[in-house]
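As you go down the protein sequences, you meet chains A and B in turn. End of the first sequence sits at 198 in full-length UniProt numbering; the numbers just go up one at a time, nothing left out. End of the second sequence sits at 198 in full-length UniProt numbering; the numbers just go up one at a time, nothing left out. Yeah, the Cβ is synthetic: ideal placement off N, Cα and C, and Gly gets one too. Beneath this line is the structure, given in structure tokens, with notes to follow.
There are 2 protein chains.
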Amino acid sequence: MPPAPKRPDPARRSERSRQAVLRATRELVAEVGYAKLSIEAIAARAGVGKQTIYRWWRSKGAVVFDAFLALSEEADGVVLPDTGDIEADLKAVLRATVAEFADPAFEAPIRALNLEIAGDPELAAQYRERLAAPVDEAKKERLRSAQRAGQIRADADLDLALELLYAPLYQRWLLRSAPLTPGYADALVDHLLRALRP
Amino acid sequence: MPPAPKRPDPARRSERSRQAVLRATRELVAEVGYAKLSIEAIAARAGVGKQTIYRWWRSKGAVVFDAFLALSEEADGVVLPDTGDIEADLKAVLRATVAEFADPAFEAPIRALNLEIAGDPELAAQYRERLAAPVDEAKKERLRSAQRAGQIRADADLDLALELLYAPLYQRWLLRSAPLTPGYADALVDHLLRALRP
Chain A
1 MPPAPKRPDP ARRSERSRQA VLRATRELVA EVGYAKLSIE AIAARAGVGK QTIYRWWRSK
61 GAVVFDAFLA LSEEADGVVL PDTGDIEADL KAVLRATVAE FADPAFEAPI RALNLEIAGD
121 PELAAQYRER LAAPVDEAKK ERLRSAQRAG QIRADADLDL ALELLYAPLY QRWLLRSAPL
181 TPGYADALVD HLLRALRP
Chain B
1 MPPAPKRPDP ARRSERSRQA VLRATRELVA EVGYAKLSIE AIAARAGVGK QTIYRWWRSK
61 GAVVFDAFLA LSEEADGVVL PDTGDIEADL KAVLRATVAE FADPAFEAPI RALNLEIAGD
121 PELAAQYRER LAAPVDEAKK ERLRSAQRAG QIRADADLDL ALELLYAPLY QRWLLRSAPL
181 TPGYADALVD HLLRALRP
């Protein structure tokens with residue numbers, strides 16, 4: 001969307017408030033968890049009135065989802081690099097993910113969100129549909145391109161492929177069972193590509 | 001340890017009480033979570049006095065660990081089958097795991113425990129050392145036997161191998177992102193063995 005010519009100040013102020021609300025929400029989810037999160041606390045942290053929040057979002061759940069949606073859009077976008085080299089591209093993407101999860105400001109709210117969705121099947125379904133599915137689709141699109149290039153098997157199960165690539169990293173991160181390193185990212189890609197070789 | 005000859009009744013009563021405490025602990029962790037679990041509630045549910053619990057365990061954490069330790073000993077023991085066929089053996093083990101996690105009585109307390117350890121680095125370290133490490137060692141022993149038989153690469157990273165096998169299943173289960181089926185267990189084994197082929 002091209003920027004509006006001569007964007008008026010109120011719109012810019014609104015956008016600043018919206019971003020402050022989303023940031024405050026992510027911080028507070030990490031600090032107190034989803035269950036104890038309140039619209040009052042978000043408003044206070046963001047420096048806006050409660051009514052401002054209710055004007056834009058109809059529930060706490062709606063704010064939290066937009067907060068994480070914004071984060072995931074900022075963080076990895078929705079198109080994966082495609083240089084034609086699936087190994088190099090996946091390693092770049094997975095190394096970036098490892099680096100993100102080493103950043104407490106990024107990982108703490110995601111950890112809080114994961115604890116919530118692991119304990120709440122309905123929230124988990126919303127998460128899958130609104131947050132995970134679009135990102136997974138972008139990743140599968142990159143794998144399809146590698147299939148067309150003959151770099152991975154034409155009949156590969158791409159959902160399983162994503163799990164083989166990301167679930168070990170997810171588990172190490174969530175349970176803190178071993179360090180997340182660039183070398184680990186590379187090893188996961190190497191193993192996946194061996195498993196999916198034509 | 002061989003059973004004591006002429007085991008007296010009080011010992012048998014003690015063992016019944018101990019098992020009742022462990023069972024009550026698992027049930028309550030699933031129902032109220034670790035944070036809200038109390039020794040009082042465990043005692044009431046198990047039909048024993050609080051002092052009985054304090055005589056055997058020095059803390060709530062100690063009871064909870066023994067409760068899960070007992071479950072994991074009952075559930076999968078510590079030696080994997082070794083028929084000489086690594087594919088068949090791993091598929092049998094992973095199908096059994098899938099079946100366990102389909103059982104609400106088994107999975108609910110494990111889910112509660114996982115939420116606790118994901119939010120508490122110290123509990124996570126204890127879990128790794130006391131619960132996960134012995135089971136992982138048994139699994140790696142089976143993989144080493146497959147290495148000696150030339151069925152998987154001699155230089156394979158066995159910790160990573162276990163993650164490739166179990167982390168996708170763990171993630172599907174924890175986030176309820178897709179069904180856990182016997183066919184899924186088989187597919188994970190097939191992919192692992194392709195990745196680790198000599």
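In this structure, Ala167 (chain B) lies near Gln171 (chain A), with their beta-carbon atoms less than 8 Å apart.
About 6 Å separates the CB atoms of Ala185 (chain A) and Lys91 (chain A); that is less than 8 Å, so the two are in contact. The CB of Ser177 (chain A) comes closer than 7 Å to the CB of Arg128 in chain B, given here in chain order. For the 8 Å CB-CB criterion, Leu164 (chain B) and Leu164 (chain A) form a contact.
Annotation: Ala62 (chain B) to Arg111 (chain A) spans about 26 Å, alpha carbon to alpha carbon. If you check the CB distance, Thr52 (chain A) and Leu169 (chain A) do not come in under 8 Å. Residue range Asp9 to Val32 is occupied by the alpha helix (DSSP H) that includes Ser14 (chain B). Exclusion of the five residues before and after Gly49 (chain B) leaves Ala43 as the residues of its chain whose Cβ lies within less than 7 Å of its Cβ. For the 8 Å CB-CB criterion, Phe101 (chain A) and Trp173 (chain A) form a contact. When only Cα atoms are considered, Arg144 (chain B) and Leu22 (chain B) end up about 34 Å apart. Separation of Tyr34 (chain B) and Arg12 (chain B) (C-alpha to C-alpha, rounded to the nearest whole angstrom) is 29 Å. CA-to-CA, the gap between Pro10 (chain B) and Glu40 (chain B) works out to about 23 Å. The continuous stretches of alpha helix (DSSP H) do not include Gly150 (chain A), and DSSP gives it neither H nor E. When C-beta distances to chain A are compared with 8 Å, every residue of the region 15 to 40 of chain B stays at or above that value. Contact annotation: in the region 38 to 62 of chain B, no residue has its CB less than 7 Å from a CB in chain A. Rounded to the nearest angstrom, the gap between the Cα atoms of Ala138 (chain A) and Val79 (chain A) is 5 Å.
Taking Lys60 (chain B) as reference, the option from B:Leu158, B:Arg26 and B:Asp136 with the minimal CA-CA separation is B:Arg26.
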